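Remarks on the structure that follows.
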Amino acid sequence: MVKVAFSALLSGGLFRTSRSILIFFFVGFLSVVVGQVTSPKVEQLIELGRAEADKGDFAKALGYFNRAMGYLKQASPSHPLNELVRKEIRITKGRSLIARYQNRSGLKIIQKDELLPLSDEPDDIIVSQCFGTVLAREVWQPKEIKDMGEFVGIGRRLTILPEAGIELFLGDERKLSLRSVDAASLAIPDLYVFDLHSGSFVVSSSGNGTKTTIKSPLSTISVSCEKQFALMIGITTNGGLKVISLLGECKLEQDELGSTVLSPGELVFALPEGFSRKMSVELSTLLVTSRLMTAFDDPPVYHKKLRQQAMIQALRTRKRYKAVVGDAKNSKDFEIKVLKPDQP
30 MVKVAFSALL SGGLFRTSRS ILIFFFVGFL SVVVGQVTSP KVEQLIELGR AEADKGDFAK
90 ALGYFNRAMG YLKQASPSHP LNELVRKEIR ITKGRSLIAR YQNRSGLKII QKDELLPLSD
150 EPDDIIVSQC FGTVLAREVW QPKEIKDMGE FVGIGRRLTI LPEAGIELFL GDERKLSLRS
210 VDAASLAIPD LYVFDLHSGS FVVSSSGNGT KTTIKSPLST ISVSCEKQFA LMIGITTNGG
270 LKVISLLGEC KLEQDELGST VLSPGELVFA LPEGFSRKMS VELSTLLVTS RLMTAFDDPP
330 VYHKKLRQQA MIQALRTRKR YKAVVGDAKN SKDFEIKVLK PDQP
């Protein structure tokens, strides 16, 4: 009986067992062979994916990782690279989500060799008025801004060509605004930060307690005002700032160079050595002569208050001098010329 059982085992069970063992070793051998063939290629794809992820191109990185997973489908599920690739995919997807959130929130601009598509540009800044040719570059694909209602993302660099102008609104509840005309260039690297390269501008806020930073090639000033304000700003030849207060009592500060408070109708230069002495300018003249006020179809939101401020200034002013405040061509002084009564 033992023999019969043993014979049966030999004739049936052992054969099946042997076949199972044979199949097991065959599959195991195949896995080893495939693993040896695919491992170098998979490792190469992993390195390529990591490199693209480090550059910020998460879509291309995921493409490499997915190709690696395709190779690993031919290998055993227990292949050690399987879990590694899955981990890289999870990490890359997480980094992509964080980067997208940061980019849309204006917290950080993704630095990449390849510009982002226009479809990904967020609505950080809205165009309220625009005429002529205004170009937007950097971060996203370049575009020409043509109509009101278009959006611009934080990080853009704008170029306003001659005979062109733009008015922008940004910040909490769109209370901060900027307008510029006639051959100007600026960047908005962060919320409440204006990097002005050339031209003339008006920066204003319809809210209370607004703080903003204004940069030029030579100077950087921090602006704070308890109430609404409007500042007319020009970039001088030497790269400094010429600032005129149109509305509000604004505190201007330069790091380690002191501060000054600018009242409506006062002008000051921001130079590398600090602020210049203040001068008074006639607001009513600016209202009718400055293209920052007159070139747009619609007046600025603070126009009514600015007219009131101009009337108050006119009533308080007893003596006037007809003068031209010019440029600052070096880092120490600026031009001012008092005109004779018969001079234009």
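In this note's numbering, the protein residues as written are 30 to 373.
From the three backbone atoms N, C-alpha and C, an ideal C-beta is built for every residue, glycine too.
Only a predicted model underlies this, so the values are computations on that prediction, with no experimental measurement involved.
> Exposed or buried, which one is Asp-83 when buried takes at least 16 other CB atoms within 10 Å?
Replying inline: Mapped onto the sequence shown, residue 83 falls at position 54. Exposed: under 16 other Cβ atoms inside 10 Å.
> Which residues share a DSSP beta bridge with Lys-271?
Replying inline: On the sequence shown, residue 271 is found 242 positions in, with the first residue counted as 1. Answer is Gly-263, Phe-298, bridged to Lys-271.
> Pick from Gly-92, Ser-125, Arg-129: whose alpha carbon is nearest that of Val-114?
Replying inline: Taking the first residue of the sequence shown as position 1, residue 114 is located at position 85. Considering only alpha carbons, the answer is Gly-92.
> Near Met-340, what residues of its chain come up, given a Cβ to Cβ distance below 7 Å and the 5 sequence neighbours on each side ignored?
Replying inline: As a first step, residue 340 is located in the sequence shown; it is residue number 311 there, counting from the start. None.
>> Below 8 Å on the Cβ atoms is my contact criterion, and I expect Leu-291 with Leu-281 to pass it. Report the Cβ-Cβ distance as a whole number of Å.
In response: In the sequence shown, the residue the question calls residue 291 occupies position 262. In the sequence shown, the residue the question calls residue 281 occupies position 252. About 6 Å separates the two Cβ atoms, so the contact holds.
> For the putative contact between Gln-342 and Leu-321, defined by C-beta atoms under 8 Å, what is the C-beta separation to the nearest angstrom?
Replying inline: The residue given as residue 342 occupies position 313 in the sequence shown. The residue given as residue 321 occupies position 292 in the sequence shown. Gln-342 to Leu-321, Cβ: 18 Å. No contact.
>> Given this structure, state the Cα-to-Cα distance separating Ser-229 from Gly-269, to the nearest angstrom.
In response: One-based indexing of the sequence shown puts residue 229 at position 200. One-based indexing of the sequence shown puts residue 269 at position 240. When rounded, the distance between both Cα atoms is 12 Å.
> Less than 8 Å separating the beta-carbons of Ser-253 and Leu-197?
Replying inline: In the sequence shown, residue 253 corresponds to position 224, counting from 1. In the sequence shown, residue 197 corresponds to position 168, counting from 1. No, the Cβ-Cβ distance between Ser-253 and Leu-197 is not below 8 Å.
>> Check whether the stretch 230-239 and the stretch 199-206 touch, using three or more Cβ-Cβ pairs below 8 Å as the test.
In response: Touching, per the Cβ criterion.
>> Suppose you measure from the CA of Tyr-386 to the CA of Gln-337; what does that come to, to the nearest Å?
In response: Residue 386 lies beyond the residue range present for the chain, which begins at 30 and ends at 373; the question has no answer from this structure.
> By how many angstroms is the C-alpha of Thr-239 removed from the C-alpha of Gln-257?
Replying inline: Position 228 of the sequence shown, counted from the first residue, corresponds to residue 257. Position 210 of the sequence shown, counted from the first residue, corresponds to residue 239. Spanning the two alpha carbons is a distance of roughly 8 Å.
> Which term fits Asp-153, buried or exposed, when burial requires 16 or more other beta carbons within 10 angstroms of its beta carbon?
Replying inline: Here residue 153 refers to the residue found at position 124 when the sequence shown is read from its first residue. Buried, since its Cβ has 16 or more Cβ neighbours within 10 Å.
> Got a sec, what are the start and stop residues for the beta strand (DSSP E) Ala-193 sits in?
Replying inline: Taking the first residue of the sequence shown as 1, we reach residue 193 at position 164. According to the DSSP assignment, Ala-193 belongs to no beta strand (DSSP E), since it is labelled neither H nor E.
> Since Ala-97 contacts Leu-74 with CB under 8 Å, what's their CB separation in whole angstroms?
Replying inline: The sequence position of residue 97 within the sequence shown is 68, counting from 1. The sequence position of residue 74 within the sequence shown is 45, counting from 1. Contact flag correct, Cβ pair sits at about 4 Å.
> Under a three-way DSSP split, which group does Phe-44 fall into?
Replying inline: As a position in the sequence shown, residue 44 is number 15, starting the count at 1. Any answer about Phe-44 is weak, because its pLDDT of 35 lies below 50 and its placement is not dependable; what the coordinates show is given next. In the displayed model, Phe-44 falls within a helix according to three-state DSSP.
> At what residues does the beta strand (DSSP E) containing Thr-162 begin and finish?
Replying inline: In the sequence shown, the residue the question calls residue 162 occupies position 133. For Thr-162, there is no enclosing beta strand (DSSP E), as DSSP marks it with neither H nor E.
>> Please report the distance separating the alpha-carbon of Gly-263 from that of Arg-185.
In response: Taking the first residue of the sequence shown as 1, we reach residue 263 at position 234. Taking the first residue of the sequence shown as 1, we reach residue 185 at position 156. Take the alpha-carbon of Gly-263 and the one of Arg-185: they are about 20 Å apart.
> Should Asn-267 go down as buried or exposed, given a rule of 16 or more other Cβ atoms within 10 Å for buried?
Replying inline: Counting from 1 along the sequence shown, the entry for residue 267 is found at position 238. Its Cβ being crowded by 16 or more others within 10 Å, Asn-267 is buried.
> Where does Gly-182 sit, in a helix, a strand or coil, going by DSSP?
Replying inline: Walking along the sequence shown from the start, residue 182 turns up at place 153. When DSSP states are grouped into helix, strand and coil, Gly-182 belongs to the coil group.
>> Considering only DSSP beta bridges, list what Gln-283 is partnered with.
In response: In the sequence shown, counting from the first residue as 1, residue 283 sits at position 254. Looking at the DSSP assignment, Gln-283 forms a beta bridge with Gly-287.
> Using DSSP with H/G/I as helix, E/B as strand and the rest coil, what is His-332?
Replying inline: Here residue 332 corresponds to residue number 303 of the sequence shown, with the count starting at 1. Three-state result, His-332: helix.
> Going by the CB atoms, is the gap between Thr-162 and Glu-173 shorter than 8 Å?
Replying inline: As a working note, residue 173 is residue 144 in the sequence shown. As a working note, residue 162 is residue 133 in the sequence shown. Taking 8 Å as the Cβ cut-off, Glu-173 and Thr-162 qualify as a contacting pair.
>> By alpha-carbon positions, which one of Gly-236, Gly-303, Ala-90, Leu-335 ends up nearest to Gly-200?
In response: Against the sequence shown, residue 200 aligns to sequence position 171. Checking every option, the nearest Cα to that of Gly-200 belongs to Gly-236.
>> Which residues does DSSP list as the beta-bridge partners of Phe-223?
In response: Here the question's residue 223 lines up with position 194 in the sequence shown. When beta bridges are read from the DSSP output, Phe-223 appears opposite Ile-243.
>> Looking only at its chain, what residues have a beta carbon closer than 6 Å to the beta carbon of Gly-57, apart from the 5 residues adjacent to it on each side?
In response: Here residue 57 refers to the residue found at position 28 of the sequence shown. For Gly-57, the predicted model reports a pLDDT of 38, less than 50, meaning its position is unreliable; a value from the coordinates is still stated below. There are no such residues.
>> Among Ser-305, Asp-219, Ser-227, whose alpha-carbon lies nearest the alpha-carbon of Pro-191?
In response: Stepping through the sequence shown from its first residue, residue 191 is reached at position 162. Closest by alpha carbon: Ser-227.
>> Contact defined as beta carbons within less than 8 Å: I believe Pro-301 pairs with Ser-248. What is the distance between those atoms, to the nearest angstrom?
In response: By one-based count along the sequence shown, residue 301 stands at place 272. By one-based count along the sequence shown, residue 248 stands at place 219. That belief holds up - the Cβ atoms of Pro-301 and Ser-248 are roughly 7 Å apart, short of 8 Å.
> Under three-state DSSP, which class holds Pro-146?
Replying inline: Here the question's residue 146 lines up with position 117 in the sequence shown. The answer is coil: DSSP assigns Pro-146 none of H, G, I, E or B.
> Do you know how far the Cα of Gly-194 is from the Cα of Asp-211?
Replying inline: Walking along the sequence shown from the start, residue 211 turns up at place 182. Walking along the sequence shown from the start, residue 194 turns up at place 165. One alpha carbon belongs to Asp-211, the other to Gly-194, and they sit about 6 Å apart.
> beta strand (DSSP E) containing Lys-102: first to last residue?
Replying inline: For the purposes of this step, residue 102 is taken as residue 73 along the sequence shown, with counting starting at 1. Element bounds for Lys-102: n/a, residue is neither H nor E.
> How far does the beta strand (DSSP E) with Val-252 in it reach, from first residue to last?
Replying inline: The residue given as residue 252 occupies position 223 in the sequence shown. For Val-252, the enclosing beta strand (DSSP E) starts and ends at 249-254.
> Which residue or residues does DSSP assign as beta-bridge partners of Val-317?
Replying inline: Stepping through the sequence shown from its first residue, residue 317 is reached at position 288. DSSP, once it has assigned bridges, lists no residue as partnering Val-317.
> Any idea if Leu-275 is buried or exposed, counting beta-carbon neighbours within 10 angstroms, 16 or more meaning buried?
Replying inline: Here residue 275 refers to the residue found at position 246 of the sequence shown. Residue environment for Leu-275: buried (at least 16 other C-beta atoms within 10 angstroms of its C-beta).
>> Considering just the uninterrupted stretch of the beta strand (DSSP E) at Lys-172, what are its terminal residues?
In response: On the sequence shown, position 143 is the one that residue 172 refers to. That run of the beta strand (DSSP E) goes 172-174.
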